[in-house]
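Inspection log for the structure reproduced underneath, given as structure tokens.
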Amino acid sequence: MQAKRPAGSSGRGDKEGKAKKYPNLASLNKFHKGHRGKIALLMVLTALSGGLFLAYPFASSRIIINLTSGNFGEMLNFAAVLLGLIALNAVADYAAGYLSSVISKALFFDMRKTLVDKTISLSLSAVYEKGSGFFLERMNEDSREASNAFLSISKLVIKLAVNLTFIAYIAAVNAYLALVFLAGLTVIVFLEYFRVSRMLANMKKSKRAMEKIKSAESELLKGIKEIKGLGGREAIVAKHSGASDALLNIRKAREKIERNLSHGITLIKAAIDFAILLFVAFVLVPQGEYELAGILAVWNYKGNIYELVSSLAGIKDLFVNGELAAKRLNDILSAPENEVDRFGELQLPSAAAAVEFRDAVFGYLPGQPILKGVSFEARAPAAVGFVGRSGSGKSTIFSLLTNFYRPQGGRALINGIDVTELSEGALRGAVTPVLQDPYIFNDTVLNNIRFAKPSASDGEVFAAARKACIHDEILEMKDGYGTVIGENGATVSGGQKQRLEIARALLKDTPILLFDEATSALDKANLNKINDLLIELGKEKLVFVIAHRLAVMRRCDRVVVLDDGKIIASGTHGELMQSSAYYQELFKKSGETPTETRREER
Ligand SMILES: Nc1ncnc2c1ncn2[C@@H]1O[C@H](COP(=O)(O)OP(=O)(O)O)[C@@H](O)[C@H]1O
Ligand SMILES: [Mg+2]
1 MQAKRPAGSS
11 GRGDKEGKAK
21 KYPNLASLNK
31 FHKGHRGKIA
41 LLMVLTALSG
51 GLFLAYPFAS
61 SRIIINLTSG
71 NFGEMLNFAA
81 VLLGLIALNA
91 VADYAAGYLS
101 SVISKALFFD
111 MRKTLVDKTI
121 SLSLSAVYEK
131 GSGFFLERMN
141 EDSREASNAF
151 LSISKLVIKL
161 AVNLTFIAYI
171 AAVNAYLALV
181 FLAGLTVIVF
191 LEYFRVSRML
201 ANMKKSKRAM
211 EKIKSAESEL
221 LKGIKEIKGL
231 GGREAIVAKH
241 SGASDALLNI
251 RKAREKIERN
261 LSHGITLIKA
271 AIDFAILLFV
281 AFVLVPQGEY
291 ELAGILAVWN
301 YKGNIYELVS
311 SLAGIKDLFV
321 NGELAAKRLN
331 DILSAPENEV
341 DRFGELQLPS
351 AAAAVEFRDA
361 VFGYLPGQPI
371 LKGVSFEARA
381 PAAVGFVGRS
391 GSGKSTIFSL
401 LTNFYRPQGG
411 RALINGIDVT
421 ELSEGALRGA
431 VTPVLQDPYI
441 FNDTVLNNIR
451 FAKPSASDGE
461 VFAAARKACI
471 HDEILEMKDG
481 YGTVIGENGA
491 TVSGGQKQRL
501 EIARALLKDT
511 PILLFDEATS
521 ALDKANLNKI
531 NDLLIELGKE
541 KLVFVIAHRL
551 AVMRRCDRVV
561 VLDDGKIIAS
571 GTHGELMQSS
581 AYYQELFKKS
591 GETPTETRRE
601 ER
């Protein structure tokens, strides 16, 4: 940041001090790289338009003097000059405005894009912990503010530099007049500075309050069904209005500060005007030592100087606000190492076929282990079932295998390579999780399935949907595959969502598939078909299955039994029914009737 030291900060104005004082703002410099030429041109235009503007008061004072002294020819000359100046100024201003909007838009989009990229690369736990408001505000408001800060500061500094030469002109007209003027300006700067400092504290609070509101709103929309269904309207409205009221109070306090001080400043300006007139009347006129044109020029132009001086105090405002916004961007952009998804560099030399857990230990929270040393091996082709009470750690095993979370002890391996050492591409090309409650994007059915493989042809999508037993139902929808399903699949049933998710996984077609209660919402007929499909897939791929209804375990090549984060048994369904009382119990409890059992046996 090359800008001038903000008003009132004493003694710490060197460049290094500046970077230290506003390190976050300085760190955003990297976004300016591609735009340096345009930024330089903008600064030249700004200086030009400022300089041209400065010529107004001179030309207009000459016009008035020539008019009053009857020099009409001269007057017209100056009028023509004034017209030319205005035209030039308009051109420079227009170009500067255009350029400025082009640059700040580009910066804003760059920053937002980088934030989005970075957010996606954050670990699940980091995202869940912070909540959506945290990200939404930063992606939108703070990146807009940060992208404008640099340009606003630079433009202001240039304008100030150009216009402060006018003070030198006043001094040339009369040194004492310049002193009167400067004394008044000092008071204005002081008041403005005071205002700005008060505002900053308020701004910080206001941003935090805004985040809470955004979070509440985003929850309100995502959870609308629960809110309606559970009669939670009052609770959620209270939460939202609590946050809203807090913001309202903060805004009210801000307006009060603004009102009080801006009236004070208006008064000071009027007082300066009065002092100037007194000075002219009682000092300059009796001495007879003044040039009317000069006085008129001062009088004509002082409004601009006031405005600029007000913004001089605002420079601190810009710096500190910019720094605040930049800091909030950096909360995401420079998220600590442990909050970012980490992948390795390794590729899989051959298609993924073998999974091994070696004494894997993991807990979401310190001191609360969920997996307490899990070891098993599985090799394609196979369908492997995972059973255990709710909370026993089945889904967590899948989360380690997808590197959503990393083991704190032991390892999870694919083809003998640690999952955490695989590149992102290698891992995502090897394993696909199929979730119980999949997210459906606010897009067409076609795009929702194709999300898993953007290069897939329509035909491939149809084939995947057919296998997932959802094709016919899609064709019956309003616009077939072109039907837009509401946000998070608001307009499709739970069973349809699950089959869309299965279609996605089939389209992705990785060698390892992890079905995590992915069939829980299916009706019997569809469940049977999908179970057939899982077993079929297990003849070619490595398929892991967690299922609420355990009938499918009978047909798995092997079943792994978990209890409290440990594997307590493993074998075929038949073996486990003999050897594991725990498994027998689970199987009975899952309510599988003998009839169903026979049907599954067929
Ligand atoms: N993101 C998370 N943060 C904290 N605890 C979690 C998280 N996810 C799961 N847990 C806890 O870990 C335990 C095991 O969860 P999970 O592996 O999902 O069990 P299962 O799939 O066998 O029902 C549960 O007690 C659950 O509450
Ligand atoms: Mg689970």
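Note that the sequence shown covers residues 1 to 602 in our numbering.
Built from N, CA and C at the ideal position, the CB exists for glycine as well.
Review point. Going by Cα to Cα distance, which pick from 47, 365, 568 and 382 is closest to residue 129?
Key: Among 47, 365, 568 and 382, the Cα nearest to that of residue 129 belongs to 365.
Review point. When DSSP labels each residue in this structure, what does residue 106 get in the three-state scheme?
Key: Three-state result, residue 106: helix.
Review point. Residue 255 lies in the alpha helix (DSSP H); which residues open and close that run?
Key: Counted as a single uninterrupted DSSP element, the alpha helix (DSSP H) harbouring residue 255 occupies residues 233 to 279.
Review point. Ordered along the chain, which non-local residues of its own chain (more than five positions away) have a Cβ less than 6 Å from that of residue 599?
Key: With a pLDDT of 42 at residue 599, under the threshold of 50, the predicted position of this residue should be treated as unreliable, though the coordinate-derived value follows. Contacts found: none.
Review point. Is residue 396 near ligand 1, going by C-beta to nearest heavy atom under 7 Å?
Key: Answer for residue 396: yes, Cβ within range of ligand 1.
Review point. In chain order, which continuous runs of the beta strand (DSSP E) of length 3 or greater are located wholly inside the region 516 to 554?
Key: Runs found: 542 to 546.
Practice item. Answer yes or no: the CB of residue 567 versus the heavy atoms of ligand 2, is any distance below 7 Å? Key: Ligand 2 never approaches residue 567 closely enough for any of its heavy atoms to be under 7 Å from the residue's Cβ.
Check your understanding: In angstroms, rounded to a whole number, what distance separates the CA positions of residue 351 and residue 468?
Key -> Answer to the nearest angstrom: the Cα atoms are 24 Å apart.
Check your understanding: Between 312, 370, 58 and 439, which lies nearest to residue 486 when the distance is taken from Cα to Cα?
Key -> Checking every option, the nearest Cα to that of residue 486 belongs to 439.
Practice item. Return the chain-ordered list of same chain residues with a C-beta closer than 6 Å to the C-beta of residue 464, the five sequence neighbours on each side being excluded. Key: Same-chain partners within the cutoff: 503, 506 and 507.
Review point. Does DSSP put residue 368 in a helix, in a strand, or in coil?
Key: It is a strand residue.
Practice item. Note down the Cα distance separating residue 433 from residue 571, rounded to an integer number of angstroms. Key: Going by the C-alpha atoms only, they are around 23 Å apart.
Point to revise | For residue 43, the nearest candidate out of 80, 98 and 278 (CA to CA) | key: The shortest Cα separation from residue 43 among 80, 98 and 278 belongs to 98.
Exercise for review: Within 10 angstroms of the Cβ of residue 109, are there 16 or more other Cβ atoms? Answer buried if so, exposed if not.
Suggested key: It is exposed - the Cβ of residue 109 has fewer than 16 other Cβ atoms within 10 Å.
Check your understanding: Taking residue 496 as the reference, which of 397, 519 and 510 has the closest Cα?
Key -> Checking every option, the nearest Cα to that of residue 496 belongs to 519.
Exercise for review: Report the partner residues of residue 293 according to the DSSP bridge assignment.
Suggested key: According to DSSP, which records beta bridges pairwise, residue 293 is partnered with nothing at all.
Point to revise | Beta-carbon contacts of residue 66 that lie in its chain and below 6 Å, excluding the five residues immediately before and after | key: 74 and 75.
**Study point:** N-terminal and C-terminal residue of the alpha helix (DSSP H) that residue 132 is part of
**Key:** It spans 132 to 137 - the alpha helix (DSSP H) in which residue 132 sits, taken as one unbroken run.
Review point. Between residue 516 and ligand 2, is the CB less than 7 Å from at least one heavy atom?
Key: For residue 516, the shortest separation between its Cβ and any heavy atom of ligand 2 lies below 7 Å.
Exercise for review: Leaving aside the five residues before and after residue 399 along the sequence, list all residues of the same chain whose C-beta is less than 6 Å from its C-beta, in chain order.
Suggested key: Excluding sequence positions up to five before and after residue 399, its CB lies within less than 6 Å of the CB of 405, all in the same chain and listed in chain order.
Check your understanding: In whole angstroms, what separates the C-alpha of residue 448 from that of residue 222?
Key -> Roughly 18 Å between the two C-alpha positions.
**Study point:** Contacts around residue 173, its chain only, beta-carbon distance under 8 Å, and the 5 residues preceding and following it disregarded
**Key:** Around residue 173: 290, 291, 294, 295, 297 and 298.
Point to revise | Integer Cβ distance of residue 552 from residue 545, believed to fall under 8 Å | key: About 6 Å separates the CB atoms of residue 552 and residue 545; that is less than 8 Å, so the two are in contact.
Practice item. Return helix, strand or coil for residue 57, following the three-state DSSP convention. Key: Three-state DSSP puts residue 57 in a helix.
Point to revise | Segment limits, alpha helix (DSSP H) that includes residue 23 | key: Membership of residue 23 in the alpha helix (DSSP H) is indicated by the continuous run 23 to 27.
Point to revise | Under 8 Å between C-beta atoms of residue 461 and residue 475 | key: Annotated as distal: residue 461 and residue 475, with beta-carbon spacing of 8 Å or more.
**Study point:** heavy atom of ligand 2 below 7 Å from residue 332 C-beta
**Key:** Residue 332 has its CB no nearer than 7 Å to any heavy atom of ligand 2.
Review point. Residue 150 lies in the alpha helix (DSSP H); which residues open and close that run?
Key: Run containing residue 150: 143 to 173, per the alpha helix (DSSP H) assignment.
Check your understanding: What are the boundary residues of the beta strand (DSSP E) that includes residue 342?
Key -> Run containing residue 342: none; DSSP gives neither H nor E here.
Practice item. With DSSP as the reference, label residue 453 as helix, strand or coil. Key: Here residue 453 sits in coil by DSSP.
Point to revise | Per-residue DSSP class, three states only, for residue 438 | key: Correct three-state label for residue 438: coil.
Exercise for review: Look at the Cβ atom of residue 122, then the Cβ atom of residue 340, and state whether they are nearer than 8 Å.
Suggested key: In this structure, the beta-carbon distance from residue 122 to residue 340 falls below 8 Å.
Exercise for review: Count the CB pairs spanning the region 186 to 195 and the region 329 to 347 that are closer than 8 Å, and state whether there are at least three.
Suggested key: The answer is no - the region 329 to 347 does not touch the region 186 to 195, with fewer than three Cβ pairs under 8 Å.
Check your understanding: Between residue 147 and residue 93, is the Cβ-Cβ spacing less than 8 Å?
Key -> No, they are not a contact pair.
Review point. Are there 16 or more other CB atoms within 10 angstroms of the CB of residue 442, so buried, or fewer, so exposed?
Key: Classification of residue 442: exposed, given that the 10 Å Cβ count is below 16.
Practice item. Note down the Cα distance separating residue 407 from residue 372, rounded to an integer number of angstroms. Key: Taking the straight line from one Cα to the other gives about 10 Å.
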